[in-house]
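From first to last, the protein sequence lines are chains B and F.
Counting from 1, one number per residue, gives the positions in the first sequence under the UniProt record's numbering.
Counting from 1, one number per residue, gives the positions in the second sequence under the UniProt record's numbering.
Positions of the beta carbon are idealized from the N, C-alpha and C atoms, including for glycine.
All values derive from a computational prediction rather than experimental measurement.
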Amino acid sequence: MFERFTKDARAVVVGAVGHAERTGAEVVDEEHILLALLDREGSRGSFALASLGAAGRRDSMERSLAEARRRGGLSRADTEALSGLGIDLSEIVSRVEEAHGVGALGSGNGGGGGRRSRRRPFAPGAKDVLTRSLRAALARHDRHIGDEHLLMALTARPGVPAEVLADHGVTYEAVTRVLYGGGEAKAG
Amino acid sequence: MTEATDLAERAGDRDPRIGLRAVSALRRLLEQLEAVQVRSARNQGWSWQEIAAELGVSRQAVHKKYGRQ
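Here it is as C-alpha cells:
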C-alpha cells in the first residue's frame, strides 16, 4: 500500500510517528496523524484545510485534542453514550485527577516517562485511517494516495479527530467539495 | 399499522448502535482506569503478583501489559 503514497502522504506518516515520539505516546494514533497533517504545506491536504479556514486554527484544534486526551481519549459521542448508561465521564475524570493528578486518565499505558527509544506501533485506529485513505483514493479513482486522502479518512472515521475537525468546519463532505467540487458518496 | 409504528419507536429506543457504542466507550474507559490504577500501585511499590491478584488475572497477564514501565 505504501508504494502508492505520495511524498506528502509519506511525510504525514513519518510526521505522525514524530508527534507520537515527542509526546511520549506509546503508540501512533489518529491524533498524531492529524497533527502531522496540520504540519504540511503546499500539499493537497493543506490546501483543503486552508480552503476551509482550518489551517490557521491549529492552536484551537490542539486544545480540543488535549481536552479529549484528558477524558481518556473518549470522543463526545462516547461521552454521550456513557451518559446514556448513567455514567458521568466528567465526574470520573475529576475524581481520577483528584487522586492521581491532572491528565492522569489520558497518559496512556506506559506513562511513567523513562526512555522510549523503541519503535512505536500504529494503533488500530491509525491503521484504520491508512486503510480508509486507500479506499478514499479508490473511490475517487485517484491513482495515488495523497495527504488529502488521509484527511478524508480522518473525517470519515468516527472518533476524536473527526469531531475536532468537524468543529473547525472540516467534514468529509466539505473536504471532498473543495477538492473535487460537488458532493459524492462517502468512501467510508 | 399502529403496532408497526409503536414497534419502530421502541426499536429506536433500543437501537443497538447506541448500546454497542456505550459498551465500546466503557471498555476504553476501563482500559484507561486500569492503567492509572496499575501505575499508581507500582509507584507505591506493589508487586505484579499483588496487582494481578486484585485484578483477578494472572501475574503474567499484568506484567505483559504494563511491564515496560
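Open item on the list: Using a 10 Å radius around the Cβ and a threshold of 16 neighbouring Cβ atoms, would you call M1/B buried or exposed?
Closed with: Only exposed fits M1/B, as fewer than 16 other CB atoms lie within 10 angstroms of its CB.
Task: C-alpha distance - A61/F paired with R39/F, whole-angstrom precision - done: Whole-angstrom Cα-Cα distance: 15 Å.
Task: Helix, strand or coil at V93/B [DSSP, three-state] - done: In the three-state DSSP reduction, V93/B falls in the helix class (H, G or I).
Task: Spatial distance of G67/F from G53/B (CA atoms) - done: Those two C-alpha atoms are separated by around 44 Å.
Open item on the list: Along the segment 39-53 of chain F, where does the CB come closer than 7 Å to a CB of chain B? Name the residues.
Closed with: If you check each beta-carbon in the segment 39-53 of chain F against every beta-carbon of chain B, the ones closer than 7 Å belong to R39, S40.
Task: Contact list for Q60/F against chain B, beta-carbon separation under 9 Å - done: Those within 9 Å of Q60/F in chain B number zero; the least Cβ separation is about 16 Å.
Open item on the list: My assumption, with CB atoms under 8 Å, is that L179/B sits in contact with I33/B. Please give the rounded CB distance.
Closed with: Contact between L179/B and I33/B does not hold, since their C-beta atoms are separated by about 18 Å, which reaches or exceeds 8 Å.
Task: Given 8 Å, three or more beta-carbon pairs between the segment 15-32 of chain F and the segment 78-96 of chain B - done: The answer is yes - the segment 78-96 of chain B touches the segment 15-32 of chain F, with three or more Cβ pairs under 8 Å.
Open item on the list: How far does the alpha helix (DSSP H) with Q44/F in it extend, from its first residue to its last?
Closed with: Neither: Q44/F is in no alpha helix (DSSP H) and is coded neither H nor E.
Task: Rounded straight-line distance, which links the Cα of E34/F to that of Q49/F - done: So the alpha carbons of these two residues sit roughly 15 Å apart.
Task: Collapsed DSSP secondary structure at V12/B in the structure displayed - done: When DSSP states are grouped into helix, strand and coil, V12/B belongs to the helix group.
TODO: Identify whether I145/B lies in helix, strand or coil by the three-state DSSP scheme.
DONE: The three-state reading of DSSP puts I145/B in strand, counting E and B together.
Open item on the list: By the three-class DSSP mapping on this structure, what secondary structure does V170/B have?
Closed with: Residue state, collapsed to three classes: coil.
Task: Range of the contiguous alpha helix (DSSP H) that encloses E80/B - done: Unbroken alpha helix (DSSP H) run through E80/B: 76-84.
Task: Straight-line gap, G181/B to E31/F (C-alpha atoms, nearest Å) - done: Going by the C-alpha atoms only, they are around 42 Å apart.
Task: Nearest to residue 215/B (by Cα), restricted to the options E3/B, S43/B, D29/B, S51/B - done: With chain B running from 1 to 188 in the structure shown, residue 215/B is simply not present.
- [ ] Look at the alpha carbon of V175/B and the alpha carbon of A9/B, and state the distance between them as a whole number of angstroms.
- [x] V175/B and A9/B: Cα-Cα distance of roughly 16 Å.
Open item on the list: Please list, in chain order, the chain B residues whose beta carbon lies closer than 9 Å to that of R27/F.
Closed with: The contacting residues do not exist; R27/F stays about 10 Å from chain B at best.
Open item on the list: For a cutoff of 8 Å on Cβ pairs, would you count R21/F as touching chain B?
Closed with: Yes, R21/F counts as interfacial toward chain B.
Task: Straight-line gap, G73/B to D142/B (C-alpha atoms, nearest Å) - done: Taking the straight line from one Cα to the other gives about 32 Å.
Open item on the list: Just to confirm my understanding: we take E97/B, look at its own chain, exclude 5 residues before and 5 after, and list those with CB closer than 7 Å. What are they?
Closed with: Counting only Cβ-Cβ distances below 7 Å, and skipping sequence neighbours, we find A104.
- [ ] Give the single residue among L89/B, A156/B, G169/B, V12/B whose Cα lies nearest to the Cα of S43/B.
- [x] When only C-alpha atoms are compared, the closest one is V12/B.
Open item on the list: By DSSP's criteria, F5/B is part of a beta bridge. Which residues make up the other side?
Closed with: DSSP lists I145/B as the beta-bridge partner residues of F5/B.
Open item on the list: So the candidates are L134/B, A123/B, M61/B, H19/B; which of them puts its Cα closest to the Cα of G169/B?
Closed with: Between G169/B and the set L134/B, A123/B, M61/B, H19/B, the nearest pair of CA atoms involves M61/B.
Task: Residues near R40/B by beta carbon distance below 7 Å, same chain, minus five either side - done: Apart from sequence neighbours up to five positions away, the residues of its chain that approach R40/B with a beta-carbon distance below 7 Å are D8, A11, V12, S46, D147, ordered along the chain.
Open item on the list: Is it buried or exposed, R70/B, if we count other Cβ atoms within 10 angstroms and call 16 or more buried?
Closed with: It counts as buried.
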